[in-house]
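*Asks:*
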Amino acid sequence: MTDATSQSGPMLAADGTPLKKSLARALRMQKTRALMLIAPLLVFVLVSFIFPIGKMLFKSVENDIVVETLPLTVAELQNWDAESGALPDEALYAAFVTDMVVAIEAKRHTRLGTRLNYEYTGMSSLFRKSGRKIKKLDPATDGPFKEQLIDIDKKWGDVTTWAVIKTHSVKITNGYFLNAVDMQRTPEGAQTQPEDKRILIKLFQRTLFMSLMITVSCILLGYPVAWLLANLPARTANILMILVLLPFWTSLLVRTSAWKVMLQQQGVINEVLVWIGLVADDARLVMINNQFGTIVAMTHILLPFMILPMYSVMQTIQPTYLRAAKSMGATNWTAFWRVYFPLSVPGIGAGSILVFILAIGYYITPEIVGGTKGVFISNRIAYHISSSLNWGLAAALGTILLGVVLLLYWCYDKIVGIDNVKLG
Amino acid sequence: MAALTPISRKPMSLVLPTVAAAGGFFGLFIGTSNGSGILGVLIGALMAVIGAALYIFVLKNEKLGKWLTIALYGALGFLFGGLAAAIVGLLYGWFIQWFSYWLYEGRYRARLLPYLTPGQVLWHYAFRVICGAIFTFLITPILVVMPLSFNEQDFFTFTPEMLRLDPAGYSLKHYQDFFTNNEWQRSFKNSLIIAPIATIISVSLGTLAAIGLSQSHVPGRRAIMAIMISPMIVPLIISATGMFFFYSDIGHWLEGTLGMNKTFVGYVKVVLAHAVLGIPFVIITVTATLVGFDRSLTRAAANMGANPVTTFFRVQMPLILPGVISGGLFAFITSFDEVVVVLFVGSASQKTLPWQMFTGLREQISPTILAVATILVGISILLLATVELLRRRSERLRGMSPT
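Residue numbers (the working numbering), protein chains in the order written: chain C, 1 to 424; chain G, 425 to 827.
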């Protein structure tokens, strides 16, 4: 056929254009149409989801507040050597007062104080108190300022104060990330925090440990149920499926409050145990506001996410495989372990990754049933967003968490393949 | 498989000890609650064995035996512990009689393959019991909430009156509180405003995009898909943190530069944030429906002179509608249920129902939460039923047999 067309010139479409060109145009049109259909959503997701995540990543290193509030001071600080142990000279104090007067006018000095307070306790009150007095000074006429400032608060005569300002005067900082792993940025480089302030590493470890516990208990509880559902006749399986799907569709808050009702000291489980006499009335079990409570409640909440992928994988495993294995002399256990289990591994993998990733970022349930011992890193993020307002640290913690999750996805993709994840 | 296995009566050496064990197990709990566990086990086992012997050797009438046992244990329960114990007694009487006959007649083998060894039969039933326990674990917390929401007292726990099934222990006052309390009503209304609008946005954009993605030539399909699914795979707390930074800037801009109403801007922020979260569900369900969509139908429509818009609304849409609706329901429940993002992005005037429940659980524990929870369980049962019906309809339309 190619011979025939090459002899009589290019093959033509009905309208006389060469077929190749016409086909290419049709393909292009098809591509454009598909992209046009996708475009609105793609733009929407990019702008209102991917961009905010990017913004969070940027927030975790952004630190222009010092430079913006105290531009002259930061320039002067470059000439001062924090290592020398001597106080800065008069030029710096003058620059500082000039900057502060402008900042106080714009009411920005308290924000700077709050920012520096994350790094060095006492900075917030120092800036607030001194602000009131510096306001009365005139940078042009009232000099020299060194003595006056030290009179206002003797911390201005402390080398550490200036060293802290100098250390955090960079525009892009690794300070928040160092804080997030229990270190801090000091003039001598990164150093570990004092013992009593090291909580975040422990919290990360606890989050990972508890997510792992939840995943394992979900596998242990989910596997038999998924097996049963996959091997029962369809009609019975559908009815039992309701028992799995109902919790899945029920509001998270409903299930969390239900666990609060169940686990409290005066809760249903304790009442029943006392009633049947297994536990004495004055020795009720403590099951809430600790790790146990969080693990139980979250296992319950995430169990459907384990059962559904396992079920959809197990449905595809032929029961005849097991019979064949047994007919060839395998015991029940060998048949299961050597034949059925390896075939069901993709289901376990899909369920585990889903449960683990959901668990690692959980906030609501640990907050309500976790007390202080059962909280996750996400509770710390929420605390920094809404209470302590240390947004940079919150962003850094979020970035690390995101990194962990992406790493997990990557591993999962390598081991099982991301396309194997099915929902229901 | 039911008729496969011939069943035969089992010897007393199997029946009586097993029945005794069951009776003893039940007696243990009655015994411990009344002071002596061992005595309870003995009495329970003895009563069960005597019962079983009576059915088999004296009565020889299964129906009569059943009613006698149920009546006996019910009466015993009523004498010792009132109405609630009577119900437990009735249930136990029914169970122990059924269990005795189940063993004695060998009915437990009827539905199993004939060549199973006794050990395998035991494992079969042990496995069922384990699964039953897991199902109980799944469903109990949801069931427990319901009776508690009718509590007369302001407690989160069963009062003695409730356990006695005394009508005075029950009331509808928490429901009344939910329907009259301004705070609850406002948050309920907010949920009903935010969730549908967010759903409409995610369904309309999501359906279009899913149709686009299902075309045969899409450059960079994998990357596009990954971006669109990302709101589902990024942990919620991270999405919420990112959105918090993003929407606080957007909010300042809308309020400051464009001079918009603060409350309105608040709603816009929450609705947009929720719409993004719902999109992956719409994409996944609609794409799954489109996989089974016969492309020649659109060509046939085009062949007969329909333009693409007509084709979409008259041919494609009716066929993929079940997928679109169930995707929409997923998106709706995502938004309706969502707390973290609304906590971070919204302000007090956008307080939704889950937010109100969250503060309620953290601060003042009021059983109104349980009343709300019961209503929400009702809603989720409705949604579950709808999704299930749609799924079956979609399979029928695609010519697959309903499973």
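Even glycine gets a Cβ: it sits at the ideal position worked out from N, Cα and C.
1. Please state whether DSSP places P435 of chain G in a helix, a strand or coil.
2. For chain C, check one thing: does any of its Cβ atoms lie closer than 9 angstroms to the Cβ of N614 of chain G?
3. What residues of chain G sit near K312 of chain C, judged by a beta carbon separation below 8 angstroms?
4. With a floor of 4 residues, list each alpha helix (DSSP H) that falls wholly inside the stretch 142-177 of chain C, ordered by position along the chain.
5. What whole-angstrom Cβ distance do I793 of chain G and Y363 of chain C have, given they're in contact under 8 angstroms?
6. Using a C-beta to C-beta distance shorter than 8 angstroms, which residues of chain C count as neighbours of P778 of chain G?
7. Are the C-beta atoms of R786 of chain G and some chain C residue less than 9 angstroms apart?
8. Should the stretch 308-315 of chain C be regarded as contacting the stretch 218-230 of chain C, the criterion being three or more beta carbon pairs within less than 8 angstroms?
9. Between the stretch 730-737 of chain G and the stretch 613-626 of chain G, are three or more C-beta pairs nearer than 8 angstroms?
10. Give me the residue from G:V769, G:L483, G:R719 and G:Y549 with the minimum Cα distance to S638 of chain G.
11. Where does A226 of chain C fall in DSSP's three states?
12. Give the secondary structure of L500 of chain G by DSSP, where H, G and I count as helix, E and B as strand, and everything else as coil.
13. With a Cβ-Cβ cutoff of 9 angstroms, do A444 of chain G and V473 of chain G count as a contact?
14. Hey, is A699 of chain G's beta-carbon within less than 9 angstroms of any beta-carbon in chain C?
15. Candidates G:M652, G:F756 and G:V694: which alpha carbon is nearest S773 of chain G's?
16. Strictly below 7 angstroms CB to CB, what residues from chain G border Y118 of chain C?
17. Using C-beta distances below 8 angstroms, list every residue in its chain close to P304 of chain C, excluding the 5 sequence neighbours before and after it, in chain order.
18. Below 9 angstroms between beta carbons: does that hold for T173 of chain C and Q184 of chain C?
19. Quick one: Cα of L57 of chain C to Cα of T399 of chain C, how far?
20. Under 9 angstroms Cβ-Cβ, which residues of chain G neighbour A382 of chain C?
21. Could you tell me whether any Cβ in chain C is nearer than 9 angstroms to the Cβ of F579 of chain G?
22. Using the C-alpha atoms, what's the distance from V254 of chain C back to E585 of chain G?
23. Chain G partners of T256 of chain C, CB-CB under 9 angstroms?
24. With a Cβ-Cβ cutoff of 9 angstroms, do I357 of chain C and F376 of chain C count as a contact?
25. Quick check on the burial criterion: 16 or more other C-beta atoms within 10 angstroms. Buried or exposed for E762 of chain G?
26. CA-CA distance, T110 of chain C and I201 of chain C?
27. Starting from L12 of chain C, follow its DSSP beta bridges and name the residues at the other end.
28. Kindly list the residues whose CB is nearer than 7 angstroms to the CB of D3 of chain C, restricted to its own chain and excluding five residues on each side of it in sequence; keep chain order.
29. By the 10 Å Cβ neighbour count, where 16 or more other Cβ atoms means buried, how is L27 of chain C classified, buried or exposed?
30. Helix, strand or coil: which one does DSSP assign to A86 of chain C?
31. Write down every uninterrupted run of the alpha helix (DSSP H) in the stretch 731-771 of chain G whose length is 4 residues or greater and which is fully enclosed by it, in chain order.
32. Where does M328 of chain C sit, in a helix, a strand or coil, going by DSSP?
33. With distances taken between CB atoms, is the gap from A163 of chain C to L178 of chain C smaller than 9 angstroms?
34. Using C-beta distances below 8 angstroms, list every residue in its chain close to I431 of chain G, excluding the 5 sequence neighbours before and after it, in chain order.
35. With a Cβ-Cβ cutoff of 9 angstroms, do V45 of chain C and S169 of chain C count as a contact?
36. Could you tell me whether the Cβ of E812 of chain G comes closer than 9 angstroms to any Cβ of chain C?
*Replies:* Inspection of the coordinates gives the following:
1. coil
2. For N614 of chain G, the closest Cβ of chain C is not nearer than 9 angstroms.
3. The question names Lys, but residue 312 of chain C in the sequence shown is Ser. None at all; the shortest Cβ gap to chain G is about 12 angstroms.
4. 146-152 and 159-167
5. Not confirmed; about 18 angstroms, so no contact.
6. S251, L252 and L253
7. yes
8. Flag = yes, the stretch 308-315 of chain C and the stretch 218-230 of chain C touch.
9. no
10. G:R719
11. helix
12. helix
13. For A444 of chain G and V473 of chain G, yes; Cβs fall inside 9 angstroms.
14. yes
15. Scanning G:M652, G:F756 and G:V694 for the CA closest to the CA of S773 of chain G turns up G:V694.
16. Correct list: empty, because the minimum Cβ distance to chain G is about 17 angstroms.
17. Exclusion of the five residues before and after P304 of chain C leaves V244, L245, P247 and F248 as the residues of its chain whose Cβ lies within less than 8 angstroms of its Cβ.
18. no
19. 6 angstroms
20. I661, A664, T665, V764, L767 and F768
21. yes
22. In this model, E585 of chain G and V254 of chain C are separated by some 25 angstroms (Cα to Cα).
23. M781, F782 and L785
24. The answer is no: Cβ separation not under 9 angstroms.
25. Counting Cβ neighbours within 10 Å, E762 of chain G comes out buried, since at least 16 surround it.
26. Rounded to whole angstroms, T110 of chain C and I201 of chain C show a C-alpha spacing of 30 angstroms.
27. Answer by DSSP bridge pairing, in chain order: C:P18.
28. For D3 of chain C, the predicted model reports a pLDDT of 48, less than 50, meaning its position is unreliable and no value from the coordinates is stated.
29. exposed
30. coil
31. 732-735, 741-761 and 764-769
32. coil
33. no
34. E529, G530, R531, R533 and A534
35. no
36. Put simply, the CB of E812 of chain G is near chain C, with a gap under 9 angstroms to one of its CB atoms.
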